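Chemist: The structure is given below, and queries will be raised subsequently.
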Amino acid sequence: MAEEKKKHKKRRTATKAAASIGPMVKAAIGGTIKAKEEGKKTAYSFIVCLYDEILRAMDIVPVWTENYAGVCGAKRDAERFLERAESLSFSRSLCTYALCGLGFDQWREELAEMPPDAPWGGQARPDMMLSSGQILCDPRNKWYQAAQQFMPDVPIHNVDLPYPFYEDDIHYSEVQDYYIKHIMEELRGLVAFLEKQTGTKMDYDRLRETVDLGERTWNLLHETYELRRAVPTPMGTGDAMNTMVPMAFMLGTQTAYDFYAELNKELKEKIARKEGVIENEKYRLLWGGGLPSWFALTDFNYFNSKGAVFPAETTYRMIQPIYNMYMPDTNDPIERLAWRWFGYWVYWYDQARKRPGSHPDVEWLIQYIEDYQIEGVVMHEAFSCRTWHLGLIWQLNQLAKIYKPIPVLMLGKDGSEKKSNRELPSLVLESDIIDITTYSEIDTRNRIDAFIETLESVKQSKTN
Amino acid sequence: MNKKNIDILSKVESYYSDYGQRARELKNEGKKIIGYACSLVPLEIITAAGCIPFRIRGDVHDPITKGDTNLETIACPFYRSCFDQSVKGKYDFLDGSVVAHGCDSMTRTYAVWQYTLDLSYSHFINLPHTLSKSSMEFFRAELNTFIKSLGRFTGKEISDDALAEAIGLYNENRDKVKALYEFRKPDPPTVSGTEITKILTVGSSLPVTEANNLFDKVLEELGQREESPFKKARRIMIDGACVDNIELVKLIEDLGANVVIDTLCNGTRDNLPHTETKGDPLSALADRYLDKINCPRTYRENKDQDLQKELESRFGDIGFYAREFNVDAAILYVYKYCDPFGFEVPARKSYFDSIKLPVLYLEDEYSTGTIGQLKTRIQAFLEMIQ
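Protein chains in written order, with our numbering: chain A, 112 to 575; chain B, 862 to 1247.
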C-alpha cells in the first residue's frame, strides 16, 4: 500500500490557482492542530451549512471533517480508517467520509494521540461538533452523534436548515415566511450555543462585515466561473475540484475572496491568450452531478487526453449570484444568511415551471448546457453517498425526454432522410468518493473511451 | 375456535397475500387512495380529507428490475422495492402519494417518484431534524401547508372537526394494537410474531374504521385462545426500521424462538404513540410525528454529555419493551445503505450491552435471496443463548 501511495502522481492542473490549493489545504489542516495548541476553540464542521461566517466572526476554528476524509482518500490512505470503522460495526455501505472520520477519531481517542502517519499531521480533537439537520445528507445529522461515543465530553449542536421542495401546486413564496423564520431561529440558537462554549458574545458588526465579504465572494466566484464559457475553456472541472476549497472551507475570509480575484485574473489572461485546458478542444462536457473519486482525479486528465474538457459542473458550485436573488433591505446579518440559504435552494424553481416536464435540477443542467456550449453530460455515482447521488439517473432520463438540442438526420420508414433532434450523450461513472476498493481504472477508462466514440459519432451525424 | 373467527383470520391472510385488494375496491367506489411508505406521514390529515391512506409495501420475493431504470441501486433496498412495485403497477389504484422527510433515500428520490409515477397528487412533508420550539412551530406550519394542499386536491377544506375525529379514530386504532401486543406477553405468547406482522400490515392497507373493526374481531379471536398454540421458547425482540413482510419473523419462529416484541416502524414505533386530544390538533400532530415517534432521523440532544444517560434517552424504549415483554435476546435488523440506523448500530449495541441483553446485528438486503445466510446466523445465535 505504501508503495502504491508513493507511485500515485500529482494531477496536472490547468491553472496556477488550482495548483496552489494542495499546500493551502495542508496549511489549513495543520493550522487547526496549531490553533488547538494555542488554546483557540475548534469545531467539527460540515461544508455548505450556512455557519461559515458565524464561526469566522467568533474566531472559532472550523475543522472540516469531510475535507480531511477527502484528503485521506486523495492520498489513497483512507482504507485503514474505513476498516477500523467497519470493525466497530459501522457498515461499509454508509457514507465513507463519515466512516473514515469515525475510524480516525476512534483511533486517535484510543491512542490519546494522532494515529501513526496520519495524513498531513492528522485531524484536531474538537471542542464542539456542529451537526446539520438539513433536508439533505443523513450523515450530517448522524456522524457527530456517532463520534460522541468516542468523545462523550464534546458537545454537539445541531442546526436545522430546511428548504422547500419543488411542488406543482405550491409556490415557494407561499411558505417562505415560516421557512425564513425557522432558519433565523436556528442560526440564533447556534450563536447562543457558540457564545456559551466560547464565553464571548457575538460581535454583530463583525458578523455583518463577514457576511458582506461572504456575499461578495459568492458573486465573484460566480463571475469567475462564468469566464469558463470561453472557447477554448481556460479551466475544467478537474481544477474546479481544487478551486472549490476557498468557497467551501474559507468563506467569510479575505483569503477566499483574494483567491477568486487571483483566479479571475488568471482566467482572463488565459482567455486573452486563447489558452485552453488543452490545445485542441474537441468535446465540451458538463460534469452534471456526483462527487468525484478523490483518489482518481487524474481521470479528468484522461478525458483531456481524448480532447474532452469540462467547462462547467454542478458539483461544488454551491453558490448563485446574490444579485439575482431576493434579498431584503436589512442590516441583520442573520436574516441575510437565511435569505441567502433560501434563495440558493429555490434558484431554479421559477425557470423550471416555464418548461413542461422540467424540474429545478434538470433546468440547472439545461442552463449550463446552453451557456457553456456543452456536447455531453458525465455524472459519477459514488456508492456510499445517497445525498448527492440519488436521482442522477432520473435527471439524465428526464433531460433526454424533454431536451433534444442536437439536430440530426434520421432515416424514415420510407428510406428518406428527415431532420430530427436528439438528446445529448451521457455517461455515468461508478465508484466512490474515497473507497478505492470500488474503483477500476481499466473499467473507468474503457467507459470513457466508449463515450468519446459516441461523442464523435454524434458530431459526425450532426446537421447544421 | 368458532367459524366467525376462522373467517377473520382467513380475511387477514387474504388481504395480506393480495395486498391492496380492499384499496382497489374502494378506488372503484370512487374513493381517493393516497400512498405513503413511512411512519412519519400524518395519516390523520389524509383521513380527515376524506381520502384513504395506503401503506406502500415492497416485495421481498420479487427482484427489483423496472425500478432500477430510474433509481440508483445505492438507495435503501426496502424503498427501492416499494418504488419497483409501484412502477410495475401493483399499486395502480393510487391517486397520489405523500412522502415525509424520513431519510435521504426518500427525500432525494421524491422527484423520481413524482415524475415517474405521474400521479394526480403528490406532496412532500418537510420534518425538521431537531426538537426545538422553533422546529415544532415550523413543523406545525408544514402540516398546515399539507392540509391546504390536500384540500385543494380534493376540492374540500379539511375542517377542525374532521381532523379531531380522525385523531380520535387513530388513537382508538393504537389502543387496539396495544391490546394485540398484550397477547404477546404470556409465555408462551398467545399470538405469534408472524401473525402480528400480517395483522398490522393488513391494517395499514385499510381505512382506519375498517382496520379498527378488523382488529376488534382479531382481538375477540385471540381472547378465545385459552391455551397458547405455541411452545415456550426463547423470547426475541426485533429492533430496526421497516419490516413489512413476514419472512424474517417467520424464519426466527421456524427456528424455534418466539418473536414477542419489536421496535419496528410498522410495529411499536408507529402504532403505539398517541396524539394528544386536548388543545390545538395540528400542534398535537406535530408533537406526535416529530417527537413521540422515536426515529433515528430525529436528533435528540445529549444534554448531560453522559454516554449512558444519552443511550437511555435515545433507546430507552428498547429497555422498556424488553422488560415489559420479558425478552431474552434481540435481533438488530438494519438494511444496507440505511444511514439513519446504520450510524447508530454501535450505540444500539452498547445500549443492549448496558441492559445485558444479547443482541445479533444483521445487515440485510430486502430480498429472500439472503434467507439462507440469515438462517445460519440466527440459528447460531439462538444456540448461543440457550
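All C-beta atoms in this analysis are idealised placements derived from N, C-alpha and C, irrespective of residue type, glycine included. Remember, predicted model here, so these are calculated numbers, not experimental data.
Under 8 angstroms between C-beta atoms, does E1244 (chain B) make it to chain A?
Modeler: Residue 1244 (chain B) sits at position 383 when you count from the first residue of the second sequence. It does not: the Cβ of E1244 (chain B) has no partner Cβ on chain A nearer than 8 angstroms.
Chemist: Using a Cβ-Cβ distance cut-off of 8 angstroms, determine whether A189 (chain A) contacts chain B.
Modeler: Numbered from its first residue, the first sequence carries residue 189 (chain A) at position 78. Output row for A189 (chain A): interface = no.
Chemist: Whole angstroms is fine: what's the gap from K573 (chain A)'s alpha carbon to C496 (chain A)'s?
Modeler: Locating residue 573 (chain A) in the first sequence gives position 462, where the first residue counts as 1. Locating residue 496 (chain A) in the first sequence gives position 385, where the first residue counts as 1. Between K573 (chain A) and C496 (chain A), the C-alpha separation is close to 37 angstroms.
Chemist: I'd like the list of long-range same chain contacts for D920 (chain B), defined as Cβ closer than 7 angstroms, with 5 residues on each side in sequence excluded.
Modeler: Counting from 1 along the second sequence, the entry for residue 920 (chain B) is found at position 59. If we look at D920 (chain B) and ignore the five residues flanking it on each side, its Cβ neighbours are S942 and Q946.
Chemist: Please list, in chain order, all residues of the same chain as N931 (chain B) whose beta carbon is under 6 angstroms from its beta carbon, the five residues on each side excluded.
Modeler: Position 70 of the second sequence holds residue 931 (chain B). Once the five neighbours on either side are set aside, the close Cβ partners of N931 (chain B) are V973 and T977.
Chemist: Between Y1194 (chain B) and chain A, is there a C-beta pair that is closer than 8 angstroms?
Modeler: Taking the second sequence and counting its residues from 1, the one referred to as residue 1194 (chain B) is at position 333. No, because no Cβ of chain A sits closer than 8 angstroms to the Cβ of Y1194 (chain B).
Chemist: Return no unless some Cβ of chain B is closer than 8 angstroms to the Cβ of F215 (chain A).
Modeler: Counting from one through the first sequence, the residue named residue 215 (chain A) turns up at place 104. So no, F215 (chain A) is outside the interface.
Chemist: With 7 angstroms as the limit, tell me which residues of the region 959-975 of chain B have their beta carbon closer than that to any beta carbon of chain A; keep them in chain order.
Modeler: Listed by position along the chain: H962, C964, D965, S966, T968, R969, T970, Y971, A972 and V973.
Chemist: Quick one: is W505 (chain A) buried, meaning 16 or more other Cβ sit within 10 Å of its Cβ, or exposed?
Modeler: By 1-based counting over the first sequence, the position of residue 505 (chain A) is 394. W505 (chain A) should be labelled buried.
Chemist: Assign S568 (chain A) to buried or exposed, taking buried as 16 or more other Cβ atoms, counted over all protein chains shown, within 10 Å of its Cβ.
Modeler: Counting from one through the first sequence, the residue named residue 568 (chain A) turns up at place 457. With fewer than 16 Cβ atoms within 10 Å of its Cβ, S568 (chain A) is classed as exposed.
Chemist: Which value, in whole angstroms, describes the spacing of the CA atoms of D1048 (chain B) and N1034 (chain B)?
Modeler: As a first step, residue 1048 (chain B) is located in the second sequence; it is residue number 187 there, counting from the start. As a first step, residue 1034 (chain B) is located in the second sequence; it is residue number 173 there, counting from the start. Roughly 25 angstroms separates the two Cα atoms.
Chemist: Rounded to the nearest angstrom, what separates E564 (chain A) and T555 (chain A) at their Cα positions?
Modeler: As a position in the first sequence, residue 564 (chain A) is number 453, starting the count at 1. As a position in the first sequence, residue 555 (chain A) is number 444, starting the count at 1. Going by the C-alpha atoms only, they are around 14 angstroms apart.
Chemist: Rounded to whole angstroms, what's the CA-CA distance from T934 (chain B) to V948 (chain B)? Just pull it up for me.
Modeler: In the second sequence, residue 934 (chain B) corresponds to position 73, counting from 1. In the second sequence, residue 948 (chain B) corresponds to position 87, counting from 1. Spanning the two alpha carbons is a distance of roughly 15 angstroms.
Chemist: Can you tell which of A:P357, A:M355, A:C183 and A:L374 has the C-alpha that lies nearest to the C-alpha of N338 (chain A)?
Modeler: Within the first sequence, numbered from 1, the residue matching residue 338 (chain A) stands at position 227. Sequence check: residue 338 (chain A) is Leu here, not Asn. It is A:L374.
Chemist: DSSP has Q245 (chain A) in a bridge; who is on the other side?
Modeler: Indexing the first sequence from 1 puts residue 245 (chain A) at position 134. Its beta-bridge partners are A:L272.
Chemist: Throw me the rounded Cβ distance for the P1134 (chain B) and I1154 (chain B) pair, which I believe falls under 8 angstroms.
Modeler: Here residue 1134 (chain B) refers to the residue found at position 273 when the second sequence is read from its first residue. Here residue 1154 (chain B) refers to the residue found at position 293 when the second sequence is read from its first residue. Right, their Cβ atoms sit about 6 angstroms apart.
Chemist: May I ask which residues mark the beginning and end of the beta strand (DSSP E) holding P914 (chain B)?
Modeler: Taking the first residue of the second sequence as position 1, residue 914 (chain B) is located at position 53. First-last of the beta strand (DSSP E) with P914 (chain B): I913 to R916.
Chemist: Beta-carbon of Y1160 (chain B) versus every beta-carbon of chain A: anything under 8 angstroms?
Modeler: Counted from its first residue, the second sequence places residue 1160 (chain B) at position 299. Output row for Y1160 (chain B): interface = yes.
Chemist: In chain order, what residues of the same chain lie with their CB nearer than 6 angstroms to the CB of V873 (chain B), ignoring the 5 residues before and after it?
Modeler: Taking the first residue of the second sequence as 1, we reach residue 873 (chain B) at position 12. Excluding sequence neighbours, V873 (chain B) sits near K1059, I1060 and V1063.
Chemist: Exposed or buried, what is T968 (chain B) when buried is set at 16 or more other beta-carbons lying within 10 Å of its beta-carbon?
Modeler: Your numbering for residue 968 (chain B) matches position 107 in the second sequence. With 16 or more Cβ atoms within 10 Å of its Cβ, T968 (chain B) is classed as buried.
Chemist: Could you give the first and the last residue of the continuous alpha helix (DSSP H) run that contains F421 (chain A)?
Modeler: Walking along the first sequence from the start, residue 421 (chain A) turns up at place 310. It is not in any alpha helix (DSSP H) - F421 (chain A) instead sits in the beta strand (DSSP E) that spans A419 to E424.
Chemist: So which residues on chain A does L1146 (chain B) lean against when the C-beta distance must stay under 8 angstroms?
Modeler: For this step, residue 1146 (chain B) is matched to residue 285 along the second sequence. Correct list: empty, because the minimum Cβ distance to chain A is about 16 angstroms.
Chemist: Kindly list, in the order they appear in chain A, the residues whose Cβ is closer than 9 angstroms to that of L1168 (chain B).
Modeler: As a first step, residue 1168 (chain B) is located in the second sequence; it is residue number 307 there, counting from the start. Those are Q259, Q260 and P263, listed as they occur along chain A.
Chemist: Taking the alpha helix (DSSP H) that T321 (chain A) belongs to, which residues open and close that run?
Modeler: Within the first sequence, numbered from 1, the residue matching residue 321 (chain A) stands at position 210. Taken as a continuous stretch (DSSP letters only), the alpha helix (DSSP H) holding T321 (chain A) covers Y315 to E337.
Chemist: Using alpha carbons as the reference points, say which of A:V457, A:E164, A:L476 and A:Q571 lies closest to L318 (chain A).
Modeler: Sequence index remark: in the first sequence, residue 318 (chain A) carries index 207 (1-based). Per the Cα distances, A:E164.
Chemist: Does the count of Cβ pairs from the region 395-406 of chain A and the region 484-491 of chain A closer than 8 angstroms reach three?
Modeler: At 8 angstroms Cβ cutoff, the stretches touch.
Chemist: Chain B beta carbons: is any one of them nearer than 8 angstroms to that of C248 (chain A)?
Modeler: By one-based count along the first sequence, residue 248 (chain A) stands at place 137. It does; some Cβ of chain B falls within 8 angstroms.
Chemist: Hey, would you say L155 (chain A) sits closer than 8 angstroms to M225 (chain A), going by beta carbons?
Modeler: Position 44 of the first sequence holds residue 155 (chain A). Position 114 of the first sequence holds residue 225 (chain A). Position check: residue 155 (chain A) holds Tyr in this sequence, whereas Leu was assumed. Taking 8 angstroms as the Cβ cut-off, Y155 (chain A) and M225 (chain A) do not qualify as a contacting pair.
Chemist: Look at the alpha carbon of F201 (chain A) and the alpha carbon of K1078 (chain B), and state the distance between them as a whole number of angstroms.
Modeler: Indexing the first sequence from 1 puts residue 201 (chain A) at position 90. Indexing the second sequence from 1 puts residue 1078 (chain B) at position 217. Going from the Cα of F201 (chain A) to the Cα of K1078 (chain B) covers about 44 angstroms.
Chemist: Would you list, in sequence order, the uninterrupted beta strand (DSSP E) runs of no fewer than 3 residues that lie entirely inside the region 897-971 of chain B?
Modeler: Here the runs fully enclosed are 913-916 and 957-961.
Chemist: Using 10 angstroms around the beta-carbon of F1181 (chain B), count the other beta-carbons present and answer buried if the total reaches 16, otherwise exposed.
Modeler: Translated into the one-based positions of the second sequence, residue 1181 (chain B) becomes position 320. By the 10 Å Cβ count, F1181 (chain B) comes out exposed.
Chemist: So D1152 (chain B) contacts chain A; which residues on that side make the cut at Cβ distance below 8 angstroms?
Modeler: The residue you call residue 1152 (chain B) lines up with position 291 of the second sequence. Going along chain A, no residue has its Cβ under 8 angstroms from D1152 (chain B), so there is no contact; the nearest lies around 14 angstroms.
Chemist: Assuming H641 (chain A) and Q509 (chain A) are in contact, meaning their beta carbons sit under 8 angstroms apart, how far apart are those beta carbons, in whole angstroms?
Modeler: Not covered by the structure: residue 641 (chain A). The range shown for chain A is 112 to 575.
Chemist: Would you mind telling me which residues of chain B sit closer than 7 angstroms to T176 (chain A), beta carbon to beta carbon, in chain order?
Modeler: Counted from its first residue, the first sequence places residue 176 (chain A) at position 65. Those within 7 angstroms of T176 (chain A) in chain B number zero; the least Cβ separation is about 14 angstroms.
Chemist: I'd like the span of the beta strand (DSSP E) that includes R395 (chain A), first residue to last.
Modeler: Numbered from its first residue, the first sequence carries residue 395 (chain A) at position 284. Where R395 (chain A) is concerned, the enclosing beta strand (DSSP E) stretches over Y394 to G400.
Chemist: Which bits of chain A does I913 (chain B) rub up against, with CB to CB less than 8 angstroms?
Modeler: By one-based count along the second sequence, residue 913 (chain B) stands at place 52. Those within 8 angstroms of I913 (chain B) in chain A number zero; the least Cβ separation is about 20 angstroms.
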